[in-house]
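Student: Line by line, the protein sequences give chains A and B. With the numbering used here applied, the first sequence corresponds to residues 13 to 387, in that order. With the numbering used here applied, the second sequence corresponds to residues 13 to 387, in that order.
Number of protein chains: 2
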Amino acid sequence: MRQSRTSNRTIALGLLLGVVFIYFIYSISSTSITSSDLRQRLSDAAADNPLSPPTSAFRKQADSLNSHGGVHRPPPVVHYQLNNLTASPNPAAKNEKVLILTPLARFYPEYWANLLALNYPHEHISLGFITPKTKEGNEATTALQEAIKITQSGPEEDRFQSITILRQDIESPLISQEEKERHKMENQRVRRAAMSRARNSLLFTTIGPSTSWVLWLDSDIVETPPTLIQDLASHDKSIIVPNCYQRYLKDDGTPDVRPYDYNSWRDSDTAQQLAAQMGPDDILLEGYAEMPTYRTLMAMLANTGPNGDPRRLMPLDGVGGTALLVKAEVHRDGAMFPAFPFYHLIETEGFAKMARRLGFESWGLPDYLVYHYNE
Amino acid sequence: MRQSRTSNRTIALGLLLGVVFIYFIYSISSTSITSSDLRQRLSDAAADNPLSPPTSAFRKQADSLNSHGGVHRPPPVVHYQLNNLTASPNPAAKNEKVLILTPLARFYPEYWANLLALNYPHEHISLGFITPKTKEGNEATTALQEAIKITQSGPEEDRFQSITILRQDIESPLISQEEKERHKMENQRVRRAAMSRARNSLLFTTIGPSTSWVLWLDSDIVETPPTLIQDLASHDKSIIVPNCYQRYLKDDGTPDVRPYDYNSWRDSDTAQQLAAQMGPDDILLEGYAEMPTYRTLMAMLANTGPNGDPRRLMPLDGVGGTALLVKAEVHRDGAMFPAFPFYHLIETEGFAKMARRLGFESWGLPDYLVYHYNE
Numbered sequence: 013m014r015q016s017r018t019s020n021r022t023i024a025l026g027l028l029l030g031v032v033f034i035y036f037i038y039s040i041s042s043t044s045i046t047s048s049d050l051r052q053r054l055s056d057a058a059a060d061n062p063l064s065p066p067t068s069a070f071r072k073q074a075d076s077l078n079s080h081g082g083v084h085r086p087p088p089v090v091h092y093q094l095n096n097l098t099a100s101p102n103p104a105a106k107n108e109k110v111l112i113l114t115p116l117a118r119f120y121p122e123y124w125a126n127l128l129a130l131n132y133p134h135e136h137i138s139l140g141f142i143t144p145k146t147k148e149g150n151e152a153t154t155a156l157q158e159a160i161k162i163t164q165s166g167p168e169e170d171r172f173q174s175i176t177i178l179r180q181d182i183e184s185p186l187i188s189q190e191e192k193e194r195h196k197m198e199n200q201r202v203r204r205a206a207m208s209r210a211r212n213s214l215l216f217t218t219i220g221p222s223t224s225w226v227l228w229l230d231s232d233i234v235e236t237p238p239t240l241i242q243d244l245a246s247h248d249k250s251i252i253v254p255n256c257y258q259r260y261l262k263d264d265g266t267p268d269v270r271p272y273d274y275n276s277w278r279d280s281d282t283a284q285q286l287a288a289q290m291g292p293d294d295i296l297l298e299g300y301a302e303m304p305t306y307r308t309l310m311a312m313l314a315n316t317g318p319n320g321d322p323r324r325l326m327p328l329d330g331v332g333g334t335a336l337l338v339k340a341e342v343h344r345d346g347a348m349f350p351a352f353p354f355y356h357l358i359e360t361e362g363f364a365k366m367a368r369r370l371g372f373e374s375w376g377l378p379d380y381l382v383y384h385y386n387e
Numbered sequence: 013m014r015q016s017r018t019s020n021r022t023i024a025l026g027l028l029l030g031v032v033f034i035y036f037i038y039s040i041s042s043t044s045i046t047s048s049d050l051r052q053r054l055s056d057a058a059a060d061n062p063l064s065p066p067t068s069a070f071r072k073q074a075d076s077l078n079s080h081g082g083v084h085r086p087p088p089v090v091h092y093q094l095n096n097l098t099a100s101p102n103p104a105a106k107n108e109k110v111l112i113l114t115p116l117a118r119f120y121p122e123y124w125a126n127l128l129a130l131n132y133p134h135e136h137i138s139l140g141f142i143t144p145k146t147k148e149g150n151e152a153t154t155a156l157q158e159a160i161k162i163t164q165s166g167p168e169e170d171r172f173q174s175i176t177i178l179r180q181d182i183e184s185p186l187i188s189q190e191e192k193e194r195h196k197m198e199n200q201r202v203r204r205a206a207m208s209r210a211r212n213s214l215l216f217t218t219i220g221p222s223t224s225w226v227l228w229l230d231s232d233i234v235e236t237p238p239t240l241i242q243d244l245a246s247h248d249k250s251i252i253v254p255n256c257y258q259r260y261l262k263d264d265g266t267p268d269v270r271p272y273d274y275n276s277w278r279d280s281d282t283a284q285q286l287a288a289q290m291g292p293d294d295i296l297l298e299g300y301a302e303m304p305t306y307r308t309l310m311a312m313l314a315n316t317g318p319n320g321d322p323r324r325l326m327p328l329d330g331v332g333g334t335a336l337l338v339k340a341e342v343h344r345d346g347a348m349f350p351a352f353p354f355y356h357l358i359e360t361e362g363f364a365k366m367a368r369r370l371g372f373e374s375w376g377l378p379d380y381l382v383y384h385y386n387e
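1. Using CA atoms only, rank isn't needed, just tell me which of Ser280/A, Glu373/A, Asn386/A, Glu298/A is closest to Met197/A.
2. On the DSSP letters alone, give me the boundaries of the alpha helix (DSSP H) that Phe363/B sits inside.
3. Please classify Met326/B: does DSSP put it in a helix, a strand, or coil?
4. Determine contact between the segment 255-274 of chain A and the segment 208-218 of chain B, defined as no fewer than three beta-carbon pairs at a distance below 8 Å.
5. Check whether the segment 356-374 of chain B and the segment 307-314 of chain B are in contact - that is, three or more C-beta pairs closer than 8 Å.
6. If Phe372/A and Ser250/A are in contact, beta carbons under 8 Å, what's the gap, nearest whole angstrom?
7. If you pair each beta-carbon of the segment 270-282 of chain B with each one of the segment 160-175 of chain B, do three or more pairs fall below 8 Å?
8. Count the other CB atoms within 10 Å of the CB of Asn126/A; is the residue buried (16 or more) or exposed (fewer)?
9. Identify whether Pro144/B lies in helix, strand or coil by the three-state DSSP scheme.
10. Give the straight-line distance between the Cα atoms of Pro66/B and Gln289/A, rounded to the nearest whole angstrom.
11. Please report how far the alpha carbon of Ile177/A lies from the alpha carbon of Gln173/B, in whole angstroms.
12. Can you give me the start and stop residues for the alpha helix (DSSP H) that Asn126/B sits inside?
13. Quickly, what does DSSP pair Thr114/A with across the bridge? List them, please.
14. Which whole runs of the alpha helix (DSSP H) in the segment 222-284 of chain B are 4 residues long or more, in chain order?
15. Can you list the residues of chain A that Leu370/B reaches, using a CB-CB cut of under 7 Å?
16. Which residues, taken in chain order from the segment 213-238 of chain B, show a beta carbon closer than 7 Å to some beta carbon of chain A?
17. Whole angstroms is fine: what's the gap from Thr98/A's alpha carbon to Ala245/A's?
18. Please list, in chain order, the residues of the segment 339-350 of chain B that have any C-beta partner in chain A closer than 9 Å.
19. Note down the Cα distance separating Gly104/A from Pro304/B, rounded to an integer number of angstroms.
20. Helix, strand or coil for Val382/A per DSSP?
21. Which chain A residues sit within Cβ distance under 8 Å of Ser100/B?
22. Using a Cβ-Cβ distance under 8 Å, would Arg324/B count as near chain C?
23. For the putative contact between Thr332/A and Ser276/A, defined by C-beta atoms under 8 Å, what is the C-beta separation to the nearest angstrom?
24. Near Glu235/A, what residues of its chain come up, given a Cβ to Cβ distance below 8 Å and the 5 sequence neighbours on each side ignored?
25. Taking the straight line between their C-alpha atoms, what separation do you get for Glu135/B and Glu169/B?
26. Which residue comes first and which comes last in the alpha helix (DSSP H) that contains Ala340/A?
27. Name the chain A residues whose beta carbon is nearer than 8 Å to that of Ser276/B?
28. Determine the chain A residues that contact Thr208/B at a beta-carbon separation under 8 Å, and present them in chain order.
29. Among the residues of its own chain, which have a CB less than 7 Å from the CB of Asn131/A, if the five just before and after it don't count?
30. What's the gap between the Cα of Glu145/A and the Cα of Phe354/B?
31. Is it right to say Arg179/B is buried, meaning 16 or more other beta carbons lie within 10 angstroms of its own, or is it exposed?
32. Between the Cα of Pro378/A and those of Thr266/A, Met326/A, Asp345/A, spot the shortest distance and give me the residue it belongs to.
33. Roughly how many angstroms lie between the CA atoms of Leu286/B and Asn199/B, to the nearest whole one?
34. So the candidates are Ser231/B, Gln242/B, Arg369/B, Asn150/B; which of them puts its Cα closest to the Cα of Asn386/B?
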C-alpha cells in the first residue's frame with residue numbers, strides 16, 4: 013500500500029506543507045465612517061468565539077470578560093444560531109458569507125484587481141488559495157502574499173474577512189503549465205485528477221458552518237462584472253456557471269472575443285453511447301477533435317452581441333470550474349471533485365454529476381461572460 | 013428543482029440549525045503540574061492565531077502585541093508550518109491531532125465514560141457531533157452539553173481541545189430509531205443515505221489543516237480499549253476498522269459476546285455478480301437473509317478466545333462506521349460518504365470504495381473488539 017501510494021506521489025496532493033491564515037480586525041483609526049456604524053458592522057461581521065472557523069472573523073473580547081483576578085476562566089459554551097444560515101437570491105441583504113476558492117498556479121495582477129473590484133461586501137468574503145510546491149508555485153505564493161499585505165492593510169472596505177493559503181507539498185504531475193502542453197489530451201486526465209485533489213483539500217479545509225456560498229474562481233480569470241456574486245446568486249440555483257470567454261486581437265488588429273472553457277455542456281446521445289462502450293476507468297473529455305461528443309456546449313451558445321441576455325439560463329450536465337457558484341449545502345451534502353472517473357467524468361464535470369446524484373441541478377448563463385487570461 | 017428538493021426534505025440534512033463551539037484554555041489555577049511544564053504544553057497545543065480551525069486551540073496573545081497606543085493593529089501574517097503534519101504509527105509522540113466525529117442520535121453515559129477513558133492525550137483530541145432535530149435529538153443534545161460542561165471544567169487532563177456540535181434542522185427520515193424498525197431492509201437505504209449527508213456535513217465543517225486523523229465513533233459504542241487510537245494508528249494504515257461486537261446474556265444467564273456490525277467485509281464473486289445484474293440505483297446491503305452476498309464478513313472471523321491476536325490484519329473492501337480510523341489525507345483527497353449508490357454501495361461501505369478509487373486501501377482487525385450498546 014505504501015509502495016503504491018509512493019509511486020502515486022505525483023498525483024497525491026492531500027498532504028499540505030504550509031498553511032497561512034491571515035485576518036484583520038477593523039482598524040478604528042483608519043476609517044471615516046461613524047463609530048456607531050462601525051460597531052454595528054463589527055458586530056455583524058465578527059464572531060464572539062476565538063475558535064471561529066476561517067469563514068468567520070475573530071473579534072477580541074474585552075479583557076474584563078476573560079480574566080478574573082488574573083486567572084483565565086474557561087469561556088462559556090457559545091451557540092452559533094445558524095437558523096439564519098441561508099443561501100438566498102439577495103445574499104448581501106442577509107449578510108451571507110461567501111467563500112472564494114482559487115487553485116493558484118500563477119499570480120496575475122489582473123486577477124487580484126478583478127477580485128478587489130467585486131462589490132459584494134468584502135467583510136462577508138473569505139478567500140482560500142492552494143498553490144503547488146513548484147518554483148512557479150513559490151513565485152505565485154510570494155506575489156499573492158505581497159498583494160494580500162497591501163489589501164489587508166489598505167482601505168477598510170477593500171479588506172476581506174479572512175484569507176487562507178494552503179501549500180501542496182508534492183510536485184505537480186506536469187512541471188510545465190504551458191498552454192499547449194496543458195491541453196494535450198493524454199495530459200488532461202492526470203492534470204485534472206491532481207486538480208481534483210487540490211480542490212478537495214482546499215474545500216474540506218476551509219468550508220465552515222457559516223459558509224452560505226462557495227465561489228470557485230480560477231487564478232487566470234482576469235475580468236468579470238463587479239456584481240458577479242450578486243448576479244449569479246440572484247438566480248437562486250444550487251450550482252450556476254457563467255460563460256468563460258477570452259479577449260484577443262484578430263489578424264487585422266481589431267479586438268474580439270472567443271470561447272475558452274468547453275467544460276459546461278448538456279449531454280448528448282453520442283456522448284452517452286461513447287460512455288457506454290468505455291472501460292470503467294476511461295473518461296470523456298470535451299473539446300478534442302479526436303473524441304467528438306456532440307454535446308451541447310455552452311461556450312458555443314453565447315450571444316455576444318447587443319441582443320445577448322445575461323439572465324438567460326440553460327440547464328447543464330457538466331460544468332467548468334473557471335468561475336462557478338455553488339450553494340454550500342451542495343458541498344456539505346458530499347459533492348466534491350472526483351479524481352477518479354465518476355460516470356466517466358472527472359473534476360468539475362464529475363462534480364456536476366455527483367451533485368446531480370445528490371439531487372442538485374446545474375445551470376449555465378450562456379450570455380453572461382467572464383474572461384480568461386490570454387496566454 | 014426547488015420542488016424536488018422540498019419533497020426530499022426528509023433526507024436533505026445539509027442545512028444546519030445550530031452550531032456550538034466549546035473550547036477551553038488551560039486554567040493556570042486548577043493544576044498541580046509546574047508552570048514551566050504548563051507553558052510548554054500550552055505552547056505545543058495551542059495556535060497563535062485566533063482564526064485557528066476547531067482542531068487547533070486558541071491561545072490569547074499578550075495585549076502588548078495587539079494594541080499600539082490604544083489602536084488595534086492588524087495582526088501579521090501567520091504561517092502554520094505543516095511540513096510536520098504527519099499521520100504516523102506513533103501519533104502521540106508527534107502530537108498529532110485527532111478529530112473524533114460522532115453522529116449522535118441518543119446520548120449514552122457509557123459512551124461518554126468510554127470516550128473520557130481514552131488515554132490518547134486529550135489536549136490533541138477535538139470532538140465533533142451532529143444531532144438530529146427531533147425530540148430524541150434535543151434530549152441527546154441536552155445530555156451531551158451537560159456532560160461536556162462537567163468534563164471541560166473538570167481535571168485538566170480530561171478536557172478535550174475543542175468540541176463542535178452541529179444540529180440538523182430537518183427531520184430525520186425515520187422518526188423511530190427502534191432497533192427492529194431501524195434494521196428493516198427497506199428502511200436501510202433511506203436511513204443510510206440520510207446518515208451519509210449527516211456524516212459529510214460534520215466532516216466538511218470540522219476537518220482543519222492540522223487534523224492528522226479522523227476517528228469515526230458511533231454514539232452507541234460503549235466499550236473500547238483505552239488505547240483505541242494508539243492501537244489502530246500503530247498499524248499505519250490509511251483506513252482501519254476494529255470488529256464491532258455486542259455483550260449479552262445467554263439464556264442460561266451467562267455473559268457472552270456476539271457480532272454486531274456486518275458492514276466490514278471482503279468482496280465475493282456472488283456479490284459482484286449481484287451488483288452486475290442490478291439497476292444503476294440499486295444497492296447491496298449486508299446482513300440480510302433475503303440478499304445473500306457470500307461476502308467474507310469480518311464479524312464472523314473474530315477469534316474471541318484466549319488465542320485471539322488483536323494485531324491480526326485482514327484487507328477489506330467495505331467498512332462499517334461504528335468505529336473507524338481514517339488518515340485525514342484520505343478525506344482531504346475527497347473520500348466522503350456517498351448518499352447515492354456508488355458501485356451499488358452507500359455510506360461507509362461506499363466510502364471504502366471511493367477511498368479505493370482514490371488509491372487508499374482499507375484494513376480490518378478481526379480480533380480487536382469494540383462493543384455496541386445492547387438495546
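Glycine included, C-beta positions come from ideal geometry on N, C-alpha and C.
Tutor: On the basis of the supplied data:
1. Here residue 197/A refers to the residue found at position 185 when the first sequence is read from its first residue. When each option's Cα is compared against that of Met197/A, the closest is Glu298/A.
2. As a first step, residue 363/B is located in the second sequence; it is residue number 351 there, counting from the start. That run of the alpha helix (DSSP H) goes 359-369.
3. Translated into the one-based positions of the second sequence, residue 326/B becomes position 314. In the structure shown, Met326/B sits in a strand (DSSP, three-state: E or B).
4. no
5. no
6. As a working note, residue 372/A is residue 360 in the first sequence. As a working note, residue 250/A is residue 238 in the first sequence. Their Cβ separation, rounded to whole angstroms, is 4 Å, which keeps Phe372/A and Ser250/A in contact under 8 Å.
7. no
8. Here residue 126/A is taken as the residue at index 114 of the first sequence, counted from 1. Buried is the call here.
9. Within the second sequence, residue 144/B is the residue found at index 132, counting from 1. Coil.
10. On the second sequence, position 54 is the one that residue 66/B refers to. On the first sequence, position 277 is the one that residue 289/A refers to. Note on Pro66/B: pLDDT 36, under 50, position unreliable in the model; the coordinate value appears next. Distance between the alpha carbons of Pro66/B and Gln289/A: 47 Å.
11. Here residue 177/A refers to the residue found at position 165 of the first sequence. Here residue 173/B refers to the residue found at position 161 of the second sequence. Their backbone Cα atoms lie some 24 Å apart in a straight line.
12. Taking the second sequence and counting its residues from 1, one reaches residue 126/B at position 114. Note, Asn126/B: alpha helix (DSSP H), 121-129.
13. One-based indexing of the first sequence puts residue 114/A at position 102. According to DSSP, Thr114/A bridges with Phe141/A.
14. 240-245
15. The sequence position of residue 370/B within the second sequence is 358, counting from 1. Under the 7 Å cutoff, chain A gives Ala351, Phe352.
16. Ser213, Phe216, Thr217, Ile219, Gly220, Pro221
17. Taking the first sequence and counting its residues from 1, the one referred to as residue 98/A is at position 86. Taking the first sequence and counting its residues from 1, the one referred to as residue 245/A is at position 233. Using only the alpha carbons, I get a separation of about 12 Å.
18. Lys339, Ala340, Glu341, Val342, His343, Arg344, Asp345, Gly346, Ala347, Met348, Phe349, Pro350
19. Residue numbering aside, residue 104/A sits at position 92 when the first sequence is read from its first letter. Residue numbering aside, residue 304/B sits at position 292 when the second sequence is read from its first letter. First, the residue type needs correcting, since residue 104/A is Ala and not Gly in the sequence shown. Roughly 54 Å between the two C-alpha positions.
20. Within the first sequence, the letter at position 370 stands for residue 382/A. Val382/A: strand per DSSP, three-state reduction.
21. Counting from 1 along the second sequence, the entry for residue 100/B is found at position 88. What Ser100/B touches in chain A: nothing, since even the nearest Cβ is about 12 Å away.
22. No chain C is present in this structure, whose protein chains are A and B.
23. Numbered from 1 along the first sequence, position 320 holds the residue referred to as residue 332/A. Numbered from 1 along the first sequence, position 264 holds the residue referred to as residue 276/A. Reading off the sequence, residue 332/A comes out as Gly, not Thr. 5 Å between Cβ atoms; contact.
24. Residue 235/A sits at position 223 when you count from the first residue of the first sequence. Within the same chain, Glu235/A has close Cβ partners Glu122, Asn126, Arg259, Val382, Tyr383.
25. By one-based count along the second sequence, residue 135/B stands at place 123. By one-based count along the second sequence, residue 169/B stands at place 157. The straight-line gap from Cα to Cα measures roughly 7 Å.
26. Here residue 340/A refers to the residue found at position 328 when the first sequence is read from its first residue. Ala340/A -> alpha helix (DSSP H) spans 340-344.
27. Position 264 of the second sequence, counting from 1, holds the residue named residue 276/B. Near Ser276/B there are no residues of chain A at all, since even the closest Cβ is about 17 Å away, more than 8 Å.
28. By one-based count along the second sequence, residue 208/B stands at place 196. The residue you asked about is not Thr; residue 208/B is Ser in the sequence shown. What Ser208/B touches in chain A: Gly346.
29. Walking along the first sequence from the start, residue 131/A turns up at place 119. Pro238, Thr239.
30. By 1-based counting over the first sequence, the position of residue 145/A is 133. By 1-based counting over the second sequence, the position of residue 354/B is 342. Inspection of the sequence shows that residue 145/A is occupied by Lys rather than by Glu. Distance between the alpha carbons of Lys145/A and Phe354/B is about 33 Å.
31. If you number the second sequence from 1, residue 179/B lands on position 167. With 16 or more other Cβ atoms within 10 Å, it is buried.
32. Taking the first sequence and counting its residues from 1, one reaches residue 378/A at position 366. Residue Met326/A is the option with its Cα nearest to Pro378/A.
33. For this step, residue 286/B is matched to residue 274 along the second sequence. For this step, residue 199/B is matched to residue 187 along the second sequence. The straight-line gap from Cα to Cα measures roughly 20 Å.
34. For the purposes of this step, residue 386/B is identified with residue 374 of the second sequence, where counting begins at 1. Asn386/B has its Cα closest to that of Ser231/B, out of Ser231/B, Gln242/B, Arg369/B, Asn150/B.
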